[in-house]
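Just so you know, the protein sequences line up as chains A and B, in that order.
So the first sequence is numbered by our numbering: it starts at 34 and just counts up by one.
So the second sequence is numbered by our numbering: it starts at 4 and just counts up by one.
Each residue gets a CB set at the ideal place from its N, CA and C atoms; glycine is no exception.
Heads up: the structure comes next, in structure tokens.
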Amino acid sequence: MKNSTIAAIATAQGEGGIGVIRISGDDAFTVADKIFFNINGRKLADMKGYSAAFGKVVSDGEEIDEAVALVFKAPHSYTGEDVVEISCHGGVYLTKQVLRSVLDAGAVPAQAGEFTKRAFLNGKIDLTEAEAVIDLISAKSRSAARAALFVKDGALRRRIDGVKESLLAQVAHLSAWADYPEEDIAEVTDLDIIDTCENAITVLSNLLSTYDCGQAVKQGIDTVIAGRPNVGKSTLMNLLSGYEKSIVTDIPGTTRDIVEDTVILGDVILRLSDTAGLRDTADTVEKIGVDRAKQRLKQCGLLLAVFDNNSKLSENDIELIESAEDVPAIAVINKTDLQQNIDIEFIKSKISYVVYISAISGEGREELTKAVEKIAGTANLNPSEGILSNERQRIAVANALKSVQEAKQAMEIGLTYDAITVSLEDAITELLELTGESTSDEVVDRVFHNFCVGK
Amino acid sequence: MIYNAGEYDVAVIGAGHAGIEAALASARLGCKTAIFTINMDAVGNCPCNPSIGGTAKGHLVREIDALGGEMGKTADECFLQSRMLNRGKGPAVHSLRAQIDRRKYSSVMKHKIELQKNLDLRQAEITDIKIDDDGTYLLTTRMLAVFKCKAVVIATGTYLGGKIFVGEVSYESGPDGIFPATFLGRSLKDLGLPLRRFKTGTPARVLRSSIDFSELEVQKGDEPPQPFSYETESLGDNKIDCHISWTNENTKQIILENIHRSPLYAGKIEGVGPRYCPSFEDKIMRFKDKPRHQLFIEPCGLDTEEMYMQGMSSSLPEEVQLKFYRTIKGLENCLIMRPAYAIEYDCVDPLAMNATLEFKDFPNLYGAGQFNGSSGYEEAAAQGLVAGINAALKVLGREQVVFTRANSYIGTLVDDLVTKGANEPYRMMTSRSEYRLVLRQDNADERLTPLGYEIGLISEERYNKFLEKQELKKAERKRLEKTVISPSKEVNQILVSHETSEINSGVHLIDLIKRPQLDYKCLAEIDKDRPDLDPNIFEQVEVEVKYEGYIQKQLKQVEQMKRLENRLLPADFDYKNIKGLRLEAQEKLNKIKPLNIGQASRISGVSPADISVLLIYMAQNRQA
């Protein structure tokens, strides 16, 4: 069976200085040779594996870019097939144009996760590796990368194995006791079972609660920067994201809509929304912005409430302080370079985390980072303990937990041990599934569904 | 001189528990059948222990009966004492066990075979098996008779290359001093069957009058005792008691002092023994901290004084056996009539068979029982039934029957053997079934009698009776749903006396049955209009009501597994062609050639990742 030749952009779109287009399949060289012209005239198909060529990418007879082509020969490539990677100058438009010419030359667009799927099929990686690769791909921060690596190395597995072992021991005891009624095997007692169940429930619940931290590490926390107009929200955002995204002026009401960006603060990814200043306004457009900001505020995972150190608390400030009581929040006191006129004790009485920064000089960033890590739960999150990092893992643990709870309930209402054993076995099956010791269609489907194109 | 002795549709080699069910099934399905035994007085022999059933084994006997097999009925006819094990541990693990009269069992079985139409019982040692040019099998006997047979079931038990060990003494022998089959093994090897050696054993038999029962704990049967067979109306009373005693520190000392004389520990036995019924010296060596072990003293029959010492299997020298038996309370002056022994025998790697118990490389050749690597009368009979049915159906040109993990312990047993193989003699256990709340001993008829009828082993009359019972069961369930119990002083008194809450308004009877503290029995006074039905109907209804949630859940799991089992794998596929499979998986899959993804997923050495590869590969090929 001949494999179709697939192609896709392998670098994150819109980021980085270069864009890489990966072509994989039996016709990878033929396709690439149609659009890439080596400066020394040599065909890619004639080159050795692990070699590079410099040349031009031509589409419809027109030169569209200068590029470097890397040649990998099967099976010594990521996918185990013939692979060409064309590195062109970055930028969404140019990268897409090169991809289009590759597709015009006979490749088909790669499905999500297809490169890794082929790598997997060709024996280059196994299922657990594949999943960790998924996490590596989407892990944008150091901590996420670290946690993903630990899952692969078995930190999560060790933690799950602990529960699995105790459940297995309990079920083994129950089975022996049922299958060998005439051997003198110690009676299984209600207390034993309830003990095992409770321990398992504790560990599994804890694991589940790490999922949110894990998610914070991996996908980021939905973070809203809010505050009265001109307290310096946009300045803060720009400080965090490192370049100017919001339009910063000193005219109040400059930020009219929600501007979004993703930044890394310590070990945590913050998906920042800079919102329109909270003030009563007659300007219709700005009013929509303000309403949207208020709405966003209620749903956020973290609120950075910005206050002006130099001014007294206004009505809008107090309103913001009140809404901060309902969500995880940090009071960010800006303009510490100016004189303190703000009622800091009142803020402290309402918001547990207060940090001082000078957005302009960059002072206080450390302090803010620590507060964010504490709130995200990542301050105490040791990735080497193993955390749940994707939805499949979460569901398996949740199901296992449900089964153990079911077993415990059955105990409490006085059902017989055979039914309890079945529930405990269900829990074990779920945990085995999690550590990859048994499987079903859905696992694979979900694994590859979650996959991004490229490595 | 070799002479031509005739032709058969199906020939069964061996008349133990596997051979008997195979031969009876084949003959009853209309095939001209022969069953060969080395010794006419060893048909249906019970050389290991004088009981039938036990945990999970009781399930097998019920299933065999529900399919029209013979073991349950004969056990009922020969029963001495019957007990439902695991009462109180839940319906999934209830298992029936009966002490039987072992000589009677043997003669009743022999007589049934003799009376069976289409079936010839012959005393002959089969020494050679060859494939004729037309694909039929030629069986040669020690007397040089040659039988031409369309299909053959091998059920040689412990006779094939049998060798007995008692301390330093060892000799070629089948069980109970009957001579072994010494030639057939060579012939099977020449044919190309993968043989290996397993080991099992049995305790001593002790003279009843030499035992002091006065201080031993008595174990009585259930009142009233329950039969195995759905067709047995009543068993009558229990006829015997069993007794329980314990070993002690002295027993242990004697074992430890003499362990070097055990052929197993001296390295003379190459066969692999089971972990679950180890010899007594194994128990001592492996569980050194355990101060004492239990043993059961069971009569071997009504007209014999031989007593069976369950738990005291051994291959130590005779004089050491006597010494350690005599340390046990009640056995201080015991006389050993037959010594305990270990027996080693040839059996086949069951991975060479598919789920019909036919050899993959030898059409029309089937295997059953200990020959397939199992242990136990019940496991043997179950496989005998499967092999006999399929051998007959094959000859008749009918479709083969595969029993599944979802419909029976029989299916679980066969699937385990042919998918996972057996590294030690395989014993059935309730924990081997993932669907055990569905596969109960009480509902074996519901699960299998329609199939038995379809195959042709259940008579029209029995089937109609079964249908009638199902109707009654349905009606009884409906009655529970409709009957309303009103609160009254009397009702609430009964409820409170069973430690469950009172009722304030009318409740349906079914909701009372659902309460774990209540059952049919204790609701009798409240449930005044209860019809007079077969107790088995009440049992089934009660379990189904009480465990409804669990049963539904397991049925859902059955459905999920069916989806995997519906994804068939080609029989002629070379798994080496799938690069993503690990080497071990490629080899295992090529060896076992699973019928479907479900079976593949149960092969040890095939990881979930390998199954994913298979699924993806199949999906890709479908698209291509």
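**Asked** What whole-angstrom Cβ distance do Gln444 of chain B and Gly17 of chain B have, given they're in contact under 8 Å?
**Response** Along the second sequence, one-based indexing puts residue 444 of chain B at 441. Along the second sequence, one-based indexing puts residue 17 of chain B at 14. Not a contact, Cβ separation roughly 27 Å.
**Prompt:** Taking just the CA atoms, how far does Ala100 of chain A sit from Ile284 of chain A?
**Reply:** Position 251 of the first sequence holds residue 284 of chain A. Position 67 of the first sequence holds residue 100 of chain A. For Ile284 of chain A, the pLDDT reaches just 44, beneath the cut-off of 50, and the residue's location in the model is therefore unreliable, leaving the point undetermined.
**Asked** Short check: CB of Leu200 of chain A to CB of Ile461 of chain A, under 8 Å?
**Response** Taking the first sequence and counting its residues from 1, one reaches residue 200 of chain A at position 167. Taking the first sequence and counting its residues from 1, one reaches residue 461 of chain A at position 428. Result yes, Cβ atoms of Leu200 of chain A and Ile461 of chain A sit closer than 8 Å.
**Asked** Around the C-beta of Gln557 of chain B, are 16 or more other C-beta atoms found within 10 angstroms, so that it is buried, or is it exposed?
**Response** As a position in the second sequence, residue 557 of chain B is number 554, starting the count at 1. It is buried - the Cβ of Gln557 of chain B has at least 16 other Cβ atoms within 10 Å.
**Prompt:** Would you call the CB atoms of Ala59 of chain B and Ser85 of chain B closer than 8 Å?
**Reply:** Looking up residue 59 of chain B in the second sequence gives position 56. Looking up residue 85 of chain B in the second sequence gives position 82. Inclusion of Ala59 of chain B and Ser85 of chain B in the CB contact set at 8 Å is not warranted, their separation being larger than that value.
**Request:** Look at Ile363 of chain A and Asn342 of chain A and say whether their C-beta atoms are less than 8 Å apart.
**Result:** For the purposes of this step, residue 363 of chain A is taken as residue 330 along the first sequence, with counting starting at 1. For the purposes of this step, residue 342 of chain A is taken as residue 309 along the first sequence, with counting starting at 1. No, they are not a contact pair.
**Message:** Need the endpoints of the beta strand (DSSP E) that Glu301 of chain B sits in, please.
**Reply:** Locating residue 301 of chain B in the second sequence gives position 298, counting from the first residue. Here the beta strand (DSSP E) through Glu301 of chain B covers Gln297 to Pro302.
**Message:** My assumption, with CB atoms under 8 Å, is that Asp352 of chain B sits in contact with Arg200 of chain B. Please give the rounded CB distance.
**Reply:** The residue labelled residue 352 of chain B in the question sits at position 349 within the second sequence. The residue labelled residue 200 of chain B in the question sits at position 197 within the second sequence. That belief does not hold up - the Cβ atoms of Asp352 of chain B and Arg200 of chain B are roughly 11 Å apart, past 8 Å.
**Rounded distance between the beta-carbons of Ile54 of chain A and Thr128 of chain A, thought under 8 Å** = Position 95 of the first sequence, counted from the first residue, corresponds to residue 128 of chain A. Position 21 of the first sequence, counted from the first residue, corresponds to residue 54 of chain A. About 7 Å separates the two Cβ atoms, so the contact holds.
**Asked** Less than 8 Å separating the beta-carbons of Phe216 of chain B and His246 of chain B?
**Response** Within the second sequence, the letter at position 213 stands for residue 216 of chain B. Within the second sequence, the letter at position 243 stands for residue 246 of chain B. A contact, by the Cβ cut-off of 8 Å.
**Message:** Looking only at its chain, what residues have a beta carbon closer than 8 Å to the beta carbon of Ser109 of chain B, apart from the 5 residues adjacent to it on each side?
**Reply:** Numbered from its first residue, the second sequence carries residue 109 of chain B at position 106. The residues are Asp44, Ala45, Val46, Gly47, Asn48 and Cys49.
**Request:** Note the first and the last residue of the continuous alpha helix (DSSP H) segment covering His114 of chain B.
**Result:** One-based indexing of the second sequence puts residue 114 of chain B at position 111. Unbroken alpha helix (DSSP H) run through His114 of chain B: Arg105 to Leu118.
**Message:** Contact criterion: CB-CB distance below 8 Å. Does Ala59 of chain B meet it with respect to chain A?
**Reply:** Translated into the one-based positions of the second sequence, residue 59 of chain B becomes position 56. Yes, Ala59 of chain B lies at the interface with chain A (some Cβ there is under 8 Å from its Cβ).
**Asked** According to DSSP, what are the bridge partners of Tyr386 of chain A?
**Response** The count along the first sequence starts at 1 and reaches residue 386 of chain A at position 353. Answer by DSSP bridge pairing, in chain order: A:Ile363.
**DSSP state of Ile331 of chain B mapped onto helix, strand, coil** = Within the second sequence, the letter at position 328 stands for residue 331 of chain B. In the structure shown, Ile331 of chain B sits in coil (DSSP, three-state: anything other than H, G, I, E or B).
**Request:** Starting from the beta carbon of Pro94 of chain B, find every residue of chain A whose beta carbon is closer than 8 Å, and list them in chain order.
**Result:** Here residue 94 of chain B is taken as the residue at index 91 of the second sequence, counted from 1. Listed by position along chain A, the residues whose Cβ is nearer than 8 Å to that of Pro94 of chain B are Thr449 and Asp451.
**Message:** So that I know if they touch, is there some Cβ in chain C lying closer than 8 Å to that of Ala429 of chain A?
**Reply:** In summary, chain C is missing from the structure at hand, where the protein chains are A and B.
**Request:** Can you give me the Cβ contacts of Thr415 of chain B inside the same chain, cut-off strictly under 7 Å, excluding the 5 residues immediately before and after it?
**Result:** As a working note, residue 415 of chain B is residue 412 in the second sequence. The beta carbon of Thr415 of chain B sits closer than 7 Å to the beta carbons of Arg408, Arg435 and Ser436 from its chain, once the five residues preceding and following it are set aside; these are given in chain order.
**Request:** Please check if any C-beta of chain A sits within less than 8 Å of the C-beta of Cys434 of chain B.
**Result:** Within the second sequence, numbered from 1, the residue matching residue 434 of chain B stands at position 431. The residue you asked about is not Cys; residue 434 of chain B is Ser in the sequence shown. Yes, Ser434 of chain B lies at the interface with chain A (some Cβ there is under 8 Å from its Cβ).
**Listed by chain order, chain A residues near Arg439 of chain B by CB distance under 8 Å** = As a working mapping, residue 439 of chain B is identified with position 436 in the second sequence. Within chain A, the residues near Arg439 of chain B are Asp451 and Val455.
**Message:** Give me, in chain order, the residues of the same chain whose beta-carbon lies closer than 6 Å to that of Phe362 of chain B; leave out the 5 immediate sequence neighbours on both sides.
**Reply:** Here residue 362 of chain B refers to the residue found at position 359 when the second sequence is read from its first residue. Short of 6 Å from the beta carbon of Phe362 of chain B, and not among the five residues preceding or following it, lie these beta carbons of its own chain, in chain order: Ala355, Met356 and Leu368.
**Request:** Tell me whether Ile354 of chain A is buried or exposed, calling it buried when 16 or more other Cβ atoms sit within 10 Å of its Cβ.
**Result:** Counting from 1 along the first sequence, the entry for residue 354 of chain A is found at position 321. Buried, because 16 or more other Cβ atoms sit within 10 Å of the Cβ of Ile354 of chain A.
**Prompt:** Quick one, are the C-beta atoms of Ala443 of chain A and Ala431 of chain A less than 8 Å apart?
**Reply:** As a working note, residue 443 of chain A is residue 410 in the first sequence. As a working note, residue 431 of chain A is residue 398 in the first sequence. It is not a contact, given that the beta carbons lie outside the stated cut-off.
**Message:** According to DSSP, is Lys166 of chain B part of a helix, a strand, or is it coil?
**Reply:** If you number the second sequence from 1, residue 166 of chain B lands on position 163. Lys166 of chain B: strand per DSSP, three-state reduction.
**Request:** Closer than 7 Å by C-beta to Gly372 of chain B: which residues in its own chain qualify, once you throw out the five before and the five after it? Chain order, please.
**Result:** Against the second sequence, residue 372 of chain B aligns to sequence position 369. Within the same chain, Gly19, His20, Ala21, Ala158, Gly160, Ala383, Gln386 and Gly387 come within 7 Å of Gly372 of chain B by CB-CB distance, once the 5 residues on both sides are set aside.
**Request:** Under 8 Å between beta-carbons, which chain B residues line up against Asn155 of chain A? List them in chain order, please.
**Result:** For the purposes of this step, residue 155 of chain A is taken as the residue at position 122 of the first sequence. Result: Lys582 and Gly583.
**Message:** What would DSSP say about Ile214 of chain B, mapped onto helix, strand or coil?
**Reply:** The residue labelled residue 214 of chain B in the question sits at position 211 within the second sequence. When secondary structure is reduced to three states using DSSP, Ile214 of chain B falls in the coil class, being assigned neither helix nor strand.
**Item:** Coarse secondary structure for Val64 of chain A, derived from DSSP in three states
**Value:** If you number the first sequence from 1, residue 64 of chain A lands on position 31. Judged by DSSP in its simplified three-state form, Val64 of chain A adopts helix.
**Item:** Which of helix, strand or coil DSSP assigns to Phe186 of chain B
**Value:** Here residue 186 of chain B refers to the residue found at position 183 when the second sequence is read from its first residue. Residue state, collapsed to three classes: coil.
**Prompt:** For Glu402 of chain B, does the count of other Cβ atoms within 10 angstroms reach 16, so buried, or fall short, so exposed?
**Reply:** Here residue 402 of chain B refers to the residue found at position 399 when the second sequence is read from its first residue. Under this definition Glu402 of chain B is an exposed residue.
**Asked** Which one of B:Ala395, B:Gly509, B:Gly93 and B:Lys107 has the shortest CA to CA distance from Lys76 of chain B?
**Response** As a first step, residue 76 of chain B must be located in the second sequence, where it is residue number 73. Nearest Cα to Lys76 of chain B within the set B:Ala395, B:Gly509, B:Gly93 and B:Lys107: B:Lys107.
**Request:** Assign Met312 of chain B to one of three DSSP states: helix, strand, or coil.
**Result:** Here residue 312 of chain B corresponds to residue number 309 of the second sequence, with the count starting at 1. Three-state DSSP puts Met312 of chain B in a strand.
**Sequence-distant residues of the same chain with beta carbon closer than 8 Å to Ala211 of chain A, five excluded per side** = Reading the first sequence from its first residue, position 178 is the one you call residue 211 of chain A. Counting only Cβ-Cβ distances below 8 Å, and skipping sequence neighbours, we find Tyr450, Asp451 and Thr454.
**Short CB-CB distance (under 8 Å) between Glu215 of chain A and chain B** = Here residue 215 of chain A is taken as the residue at index 182 of the first sequence, counted from 1. Glu215 of chain A belongs to the set of residues whose beta carbon lies under 8 Å from a beta carbon in chain B.
**Message:** Check whether chain B comes within 8 Å of Ile366 of chain A, counting only Cβ atoms and requiring the distance to be less than that.
**Reply:** Taking the first sequence and counting its residues from 1, one reaches residue 366 of chain A at position 333. No Cβ of chain B is located within less than 8 Å of the beta carbon of Ile366 of chain A.
**Message:** Please classify Glu218 of chain B as buried or exposed, where buried requires at least 16 neighbouring CB atoms within 10 angstroms.
**Reply:** Within the second sequence, numbered from 1, the residue matching residue 218 of chain B stands at position 215. Flag for Glu218 of chain B reads exposed.
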